[in-house]
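>
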Amino acid sequence: MLKKVFESIRVGNLEIKNRFVVPSMVVSLCNEDGTITERFIDYHEAKAKGGFGLIITENYAITPAGRGFKYMGCIWNDEQMELNKELTKRVHKHGAKIALQIIHAGRETSSSLTGMKIVAPSAIPDPVIGEMPHPLTEEEIKRIIEEFGDAALRAKKAGFDAVELQGAHGYLINQFMSPFSNKRLDKYGGNLMNRARFALEIIENIKSKVGKEYPIMYRISADELIENGLTIEDTKVIVKMLEDTGVSAIDVSVGVYASGFHITAPAAVKHGWEADFAKEFKSVVSIPVITSGRINNPFLAEGILLSEKADMIGMARASLSDPELPNKAKEGRFDEIIECIACRQGCSEMLSKDLPVNCVLNPLTGNEKELSISEAKEKKKVFIIGGGPGGMEAAIVARKRGHEVHLFEKNNELGGQLLLASVPPTKSEITSFVVWQKTQLEKLKANVHLNTKVDEELLKKENPDYIIVATGVTPFIPSIKGVDSDMVVNSNDVLSSKVEVGQNILIVGGGLVGAETAEHLARHSKNVTLVELTDEIARDCEPGVRFFLMKSLDTLNINIMTNTQVKEIGDNKVVVSSNKEEKVIENIDTVIMASGSIPNNKLFEKIKDKYKNISLIGDSLKVRTILDAVNEGYKTALKI
């Protein structure tokens, strides 16, 4: 069924076995001194073992002043490279090739991180960082060019098959290229040829140290997506210059920090959206072009290759959710692939907090040894109460360990809160994970009991060896006069289509659930008023997801009322208070409660003292989001 993705390809003199690429992603698995860790090696080896043809490491800083993250790889001295020899050896063992990306962050870092003044082509702060950089002198520029060359030589000595220059995302090389950040008047500024000089001199320096045959790849933002930034017409000229200077492949991305939510785009952005930029590059260069951007399954990859928009497919977050994606695709095990849902929770959000990157759908990612599944020494009869994402994950892991598993769900369908979360616009891909979990349960022959409510009598009769309670959450209903009116429903019942709503809707609670419910109903031609007690809505939402959600809400003519409290619900009207002034909103057909949730732990509290071997999934102190429950379920089952 798939052919093109499994064809080999050459990057310079380097032959790569297929078209699957893991692009560079900082994962915060290194030490603070820039040395890599065993955990970092395990993470990359899993992708090589999973069948990816080319792996590009996260960006390694070439100098202390060039660091952009606290726990990133670094390459400014030989000692930092020692363990990298083990990394390349273990990746090569599985037939994959590995390139090392090298970087200087320039103004997209901070002096508090680097311990020294940040630098840039010009004395203009990055709009996101806000710190004034030192404008580089020509002498300082020459030193940095030498440092790039030295870093590439270290990479070659450590066994890396190629190096990739990080010329995208607003880092130093990109800063010289772009009129957005480069206002110089010397030979490194002004016209496009001068602005490209820094990158071209780096390439020439690298070649003088590693040899002309050693492949150099270049990552570029095809469009910076900012006012006065580089556009595709600019970058088409640039990539031709890069090819003529000896670059072996172009790795296409988009954006800079000021447009950063497009770099790792959430589910609101269409699949493969960067491929059209890659196609533009293919029209002007003959070297391989790599594209990425919301490509989360092998069929999308195949389609892009067959349409000749790109030569290789970068699957960054898809390799987080399933490092074995290529092997599963090759063997036709498509229903076993865990598809990325672009939630950004385990990757981008963790990176922004200097925490190790993981995947909320696949707890094993980044924890390959710590959370590996092994057969249990003693096989047990395990009861799991609740068929949501946490309960299903616990059932999958427990079954893989060899336990007799019984999963109980009181409703007629598995999925729990994920079924509701998948209803709002752009969230439908969440169902792919529910389907994956259900498929795993079937293949593992777990005993699934739908429409079954577990009580003390059943537990006493069956006497399980271990009980996992994963009963999830229940809607919180605030104490408001009139809240028991027939016109009041909760968001869960609306999203599950258990109730019908009228034309004029008022939603109480502007968190993520309330905001997404508002978007969902407005897109179905309802008139929506959203009332939030605090000063902003969707504040509990991951920032990138929130950015696109807010853009959507702005276009839907939703009446958003912040700093507003609902005081009373009456016949087709709602009384609200804002700044101590009351207002009556008339002609309301339906009031929807979206005021948050509370743990549904009644059963656990009732039986916890009667059973020694019992665990709870869904403790509000541990589970911040629905998808966090997957991680809890996985870890809980490992302990049985």
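Counting from 1, position 190 in the sequence shown corresponds to residue 717 in our numbering; the numbering is continuous, with no gaps. Even for Gly, the Cβ is constructed at its ideal location relative to N, Cα and C.
Could you give the residue range of the alpha helix (DSSP H) that holds Pro-853?
Per DSSP, Pro-853 belongs to the alpha helix (DSSP H) from 852 to 857.
> Cα separation between Thr-998 and Ala-837?
Near 46 Å, if we compare the C-alpha coordinates of Ala-837 and Thr-998.
> So, for Ala-776: in the same chain, excluding its five sequence neighbours on each side, which residues have a beta-carbon less than 6 Å away from its beta-carbon?
These residues qualify, in order along the chain: Val-538, Met-744, Ile-814, Pro-815.
> Provide the residue(s) that pair with Ser-1142 in DSSP beta bridges, ordered along the chain.
Looking at the DSSP assignment, Ser-1142 forms a beta bridge with Ile-995.
> Using only CA atoms, which one of Glu-1159, Phe-533, Leu-769, Ile-753 lies nearest to Ala-828?
Comparing Cα-Cα distances from Ala-828 to each of Glu-1159, Phe-533, Leu-769, Ile-753, the minimum goes to Phe-533.
> From the DSSP output, read off the bridge partner residues of Ile-630.
Per DSSP, Ala-588.
> Taking the continuous beta strand (DSSP E) assigned at Phe-910, which residues delimit it?
Per DSSP, Phe-910 belongs to the beta strand (DSSP E) from 908 to 912.
> Quick one: what's got a C-beta closer than 6 Å to Pro-890's C-beta in the same chain, skipping five residues either side?
Taken in chain order, the residues that qualify are Leu-898, Asn-1158, Tyr-1161.
> Count Cβ pairs between the segment 906 to 919 and the segment 939 to 957 that sit closer than 8 Å; are there 3 or more?
The segment 906 to 919 is in contact with the segment 939 to 957.
> In the DSSP output, which residue or residues are listed as bridge partners for Asp-778?
Bridge partners of Asp-778: Arg-746, Ile-817.
> Would you say the segment 553 to 569 touches the segment 594 to 608, given that touching needs at least three Cβ pairs under 8 Å?
Segments in contact, yes.
> Can you give the Cα-Cα distance for Ser-1147 and Ile-1153, rounded to whole angstroms?
Reliability of the predicted coordinates at Ser-1147 is poor, the pLDDT of 43 falling under 50, and no value is obtained from them.
> Please say whether Ile-1032 and Asn-1054 have beta carbons closer to each other than 8 Å?
Yes.
> What distance in whole Å lies between the Cβ atoms of Tyr-570 and Glu-895, which are believed to be in contact at a cut-off of 8 Å?
Right, their Cβ atoms sit about 6 Å apart.
> Please work out which residues of its chain come closer than 7 Å, Cβ to Cβ, to Glu-1063, disregarding the five sequence neighbours upstream and downstream, and give them in chain order.
Excluding positions up to five away in sequence, the list reads Thr-1089.
> Closest Cβ-Cβ distance between Ile-864 and chain D: below 8 Å?
No chain D is part of this structure, which consists of one protein chain only.
> For the alpha helix (DSSP H) holding Asn-1019, just list the boundary residues, first then last.
Here the alpha helix (DSSP H) through Asn-1019 covers 1018 to 1022.
> To the nearest angstrom, how far is it from the Cα of Ile-1119 to the Cα of Glu-635?
Taking the straight line joining both Cα atoms gives about 43 Å.
> Quick check on Ala-682: buried or exposed, where buried means 16 or more other Cβ atoms within 10 Å of its Cβ?
Buried.
> In this structure, what does DSSP give as the bridge partners for Ala-689?
Beta-bridge pairing links Ala-689 to Ala-626.
> Can you give the Cα-Cα distance for Val-1150 and Glu-666, rounded to whole angstroms?
Confidence in Val-1150 is poor, its pLDDT being 42 and thus under 50, which makes the residue's placement unreliable; the coordinate value appears in the next sentence. So the alpha carbons of these two residues sit roughly 52 Å apart.
> Can you tell me where the beta strand (DSSP E) with Arg-1050 in it begins and where it stops?
Looking at the DSSP string, Arg-1050 is not in any beta strand (DSSP E), and its letter there is neither H nor E.
> Leaving out the 5 sequence neighbours to the left and right, which residues in its chain are closer than 8 Å to Asn-939 when beta-carbon positions are compared?
Excluding positions up to five away in sequence, the list reads Leu-977, Asn-978.
> Restricting to Cα atoms, I'd like to know which of Lys-684, Asp-862, Glu-613 is closest to Gln-967.
Here the closest residue by C-alpha is Asp-862.
> Hey, how far is the Cα of Gly-613 from the Cα of Asp-688?
At residue 613 the sequence reads Glu, which differs from the Gly that was named. Roughly 14 Å between the two C-alpha positions.
> Following the continuous beta strand (DSSP E) through Met-1014, name the residue where it begins and the one where it ends.
Neither: Met-1014 is in no beta strand (DSSP E) and is coded neither H nor E.
> In the DSSP assignment, find the alpha helix (DSSP H) that holds Gly-1071 and state where it starts and stops.
Here the alpha helix (DSSP H) through Gly-1071 covers 1070 to 1082.
> Of the residues Leu-1057, Ser-705, Ala-1045, Val-737, which one's Cα is nearest the Cα of Val-950?
Selected option, being the one with the closest Cα: Ala-1045.
> Within a Cβ cutoff of 8 Å, which residues of the same chain sit near Val-1016, ignoring the five residues on either side of it in sequence?
Closer than 8 Å at Cβ, skipping near neighbours: Val-1026, Val-1028, Thr-1117, Val-1118, Ile-1119, Met-1120.
> Please return the same chain residues whose Cβ sits closer than 7 Å to the Cβ of Ile-672, not counting the five positions on each side in sequence.
Excluding sequence neighbours, Ile-672 sits near Glu-728, Ile-729, Asn-732.
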